[in-house]
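A.B. asks: The sequence shown runs contiguously to residue 329 in this note's numbering. Note that the Cβ used here is the ideal one computed from N, Cα and C, for glycine as well. This is the structure I have questions about; it appears just below.
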Amino acid sequence: MKTKFIFNFLFLLFVSISFSQDVYQRTLSLMGSRFEVTVVANNSIEGNKYIDLAIDEISRIEKLISSWDKNSQTSLINRNSGIKPVKVSKELFYLIERAAKISKLTEGAFDISYASMDEIWKFDGSMTTMPAKESIKKSIEKVGYKNIVLDESNYSVFLKLKGMKIGFGAIGKGYAADKAKQLLIRKGVKAGIINASGDLNAWGKQPDGENWQVAIVNPLNKNKVFSWLPVNNSAVVTSGNYEKYVKFNNTLYAHIIDPRTGYPSTGVLSATIFTANAELADALATSVFVMGVDVGLDFINQLKGVECIIVDKDNKMHSSTNINSKQTN
Numbered sequence: 001m002k003t004k005f006i007f008n009f010l011f012l013l014f015v016s017i018s019f020s021q022d023v024y025q026r027t028l029s030l031m032g033s034r035f036e037v038t039v040v041a042n043n044s045i046e047g048n049k050y051i052d053l054a055i056d057e058i059s060r061i062e063k064l065i066s067s068w069d070k071n072s073q074t075s076l077i078n079r080n081s082g083i084k085p086v087k088v089s090k091e092l093f094y095l096i097e098r099a100a101k102i103s104k105l106t107e108g109a110f111d112i113s114y115a116s117m118d119e120i121w122k123f124d125g126s127m128t129t130m131p132a133k134e135s136i137k138k139s140i141e142k143v144g145y146k147n148i149v150l151d152e153s154n155y156s157v158f159l160k161l162k163g164m165k166i167g168f169g170a171i172g173k174g175y176a177a178d179k180a181k182q183l184l185i186r187k188g189v190k191a192g193i194i195n196a197s198g199d200l201n202a203w204g205k206q207p208d209g210e211n212w213q214v215a216i217v218n219p220l221n222k223n224k225v226f227s228w229l230p231v232n233n234s235a236v237v238t239s240g241n242y243e244k245y246v247k248f249n250n251t252l253y254a255h256i257i258d259p260r261t262g263y264p265s266t267g268v269l270s271a272t273i274f275t276a277n278a279e280l281a282d283a284l285a286t287s288v289f290v291m292g293v294d295v296g297l298d299f300i301n302q303l304k305g306v307e308c309i310i311v312d313k314d315n316k317m318h319s320s321t322n323i324n325s326k327q328t329n
C-alpha cells in the first residue's frame, strides 16, 4: 500500500511515494522550531537510535550558537562587543567566518550582525503603528559585518562596536541540519531527511529507490502546489512572509528585515533555495528574499550549484536558469 508522507513547513511539502516500515520519523521542538528527523533503517530499534543521535547533535549546536543562553560562546561574544576579543571553539569560529563571507558576497543582504535590530520590529501582534524613522535609522548603526574582527591565530572574535550583536537566526537551523546529516552518514545511515522547520537536508533515496520529492506550494493557498522537484543528496530551504508579518497602510512587511535599511522586505512572498548544504541555502534564501526578484535571480544565476524559485507579491513564480521542475495545474 502506497502512503503519502508529508512535511509541511515554509511552503515545502515532502512526499515519500512509498512509505514503508523501513522509514522512521520523529517530530519535536528544538532550537525554538519544529524539527522532523527521518531515517531509513532496518528496524525501529535501529531507527530510534539514529534519531536520538541526530537530536543530541542538534541540541549541541543549539547550545553553541544560542544568543538566548547567557552561557553560550555566542552570548559571550555579544557581551564583549566594543570591549575585547573572545576566544571561541574552532567550530564556532569557522561558522562565523563563513557567515561573514556570505555577508560580503551578498553585499549585506544577509548580515550575521543583524541582531541589534531585534528591538525595533515586533511580529507577535503587539505592533499597532510603524516604528519611527529615527528609531529604524538608529537600529542599523550597530549592524555591519565589516566590523567583525576574526583572528584565526587564536580563534578569537571581536565585534568593534559597543552594543553590536551577532545572531544565527538566518543560518543556525540550516547548520544544525547539516551537522545532524553528516553525523548520521558517518554512523552508516544510508538515507534520511533532517527537516528544521523548512530547512531541509536529504540524502540517499526512498526504500523503493525513488528520489525524495519536494513541492513548491502556493504561499496564498497551501493546498495548491506550484511544482515538484527531486531532492538528491542536497538541501532545500525556503524563506517566506507567510507566518510573521505586520501590515501598515496596505503594505505587508515580512519579518525578514533588510540589514542595510532596517526596514522589512517587501515584494516577495517566498524564496526557495536548492544547493548542496542547508547552511548555505538558509543564508541565501534570506538574501534573495531581501534582494527581490530581479536582483535575486541575477545573483543566483551567477552561483555554481545553486538554484532558486521565487514567488513574488502577485503570487507569480520565477525560477533560476537551471531549475528542473514538474509543473502542476
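Once DSSP output is grouped into helix, strand and coil, what is the label at Gly-192?
C.D. replies: Gly-192: strand per DSSP, three-state reduction.
A.B. asks: Alpha carbons only, please: which of Ile-273, Arg-186 and Val-157 is nearest the one belonging to Leu-229?
C.D. replies: The residue with the shortest Cα to Cα distance from Leu-229 is Ile-273.
A.B. asks: Pick from Lys-165, Lys-104 and Asp-69: whose alpha carbon is nearest that of Tyr-114?
C.D. replies: Taking only the C-alpha atoms, the option nearest Tyr-114 is Lys-165.
A.B. asks: If you drop the 5 nearest sequence neighbours on each side, which residues of the same chain put their C-beta closer than 7 Å to that of Asp-282?
C.D. replies: Cβ within range, chain order: Ala-170, Ile-171, Lys-173, Gly-174, Asp-199 and Val-237.
A.B. asks: In this structure, how does DSSP classify Phe-168 when only helix, strand and coil are distinguished?
C.D. replies: DSSP places Phe-168 in coil when its eight states are reduced to three.
A.B. asks: Which two residues bound the contiguous beta strand (DSSP E) that contains Lys-247?
C.D. replies: Element bounds for Lys-247: 245–248.
A.B. asks: Going by DSSP, what residues sit across from Glu-307 in a beta bridge?
C.D. replies: For Glu-307, which the question treats as bridged, DSSP gives the partners Phe-274.
A.B. asks: Within its chain, find whatever has a CB closer than 7 Å to the CB of Ile-185; leave out the 5 residues flanking it on each side and keep chain order.
C.D. replies: Closer than 7 Å at Cβ, skipping near neighbours: Trp-203.
A.B. asks: Compute the Euclidean distance between the alpha carbons of Ala-54 and Ala-132, then round it to the nearest angstrom.
C.D. replies: Spanning the two alpha carbons is a distance of roughly 44 Å.
A.B. asks: Would Glu-107 count as contacting chain B if we go by Cβ distances under 7 Å?
C.D. replies: No chain B appears in this structure, which consists of one protein chain only.
A.B. asks: Check whether the Cβ atoms of Asp-52 and Pro-207 sit closer than 7 Å, and answer yes or no.
C.D. replies: No, these two residues do not count as a Cβ contact at 7 Å.
A.B. asks: May I ask you to report which of helix, strand or coil DSSP gives Leu-220?
C.D. replies: Leu-220 falls in the coil class under three-state DSSP.
A.B. asks: Please classify Phe-226: does DSSP put it in a helix, a strand, or coil?
C.D. replies: Residue state, collapsed to three classes: strand.
A.B. asks: Could you check where the beta strand (DSSP E) with Asp-151 kicks off and where it finishes?
C.D. replies: Looking at the DSSP string, the run of the beta strand (DSSP E) that includes Asp-151 is 148–151.
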